[in-house]
Amino acid sequence: MSEVAGYFIDWDTKLRSTDHPGKGHHCEIDRASRYVAVKDKYGSMIHEATFYPSLEAVAKAGIKSQLVDESGNPI
10 MSEVAGYFID WDTKLRSTDH PGKGHHCEID RASRYVAVKD KYGSMIHEAT
60 FYPSLEAVAK AGIKSQLVDE SGNPI
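Just remember that the numbering used here sits 9 ahead of the position in the sequence shown, which is counted from 1.
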């Protein structure tokens, strides 16, 4: 798992931290290409998304999405 903290838009159009993607998943991040691969506990990719290094970067992209915790509850 990557140590680069950031954010991505999940499968339910919610904003999640790459440190805590939820449901036992983990993120692999390619910061140079702004890419996040969300993988399950077996290593299978279940979601691909754009990597945002900060909440400011999400706002600058014009994205208005609810930030949620690892259980999917609003923060």
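All C-beta atoms in this analysis are idealised placements derived from N, C-alpha and C, irrespective of residue type, glycine included.
Query                                                                                                                                                                : Result
Answer yes if the stretch 42-56 comes into contact with the stretch 67-79, meaning at least three C-beta pairs across the two stretches below 8 Å, and no otherwise. : no
Restricting to Cα atoms, I'd like to know which of 18, 24 and 49 is closest to residue 33.                                                                           : 49
Output the distance between the C-alpha atoms of residue 43 and residue 65, rounded to the nearest integer angstrom.                                                 : 15 Å
Consult DSSP for residue 58 and reduce its assignment to one of helix, strand or coil.                                                                               : strand
Given that a residue counts as buried once 16 or more other Cβ atoms are within 10 Å of its Cβ, and exposed if not, what is residue 38?                              : buried
Find the nearest neighbour of residue 61 within the set 26, 81, 83 and 84, judged by alpha-carbon distance.                                                          : 26
When you compare each of 23, 28 and 22 to residue 15 by their alpha carbons, which one comes out closest?                                                            : 28
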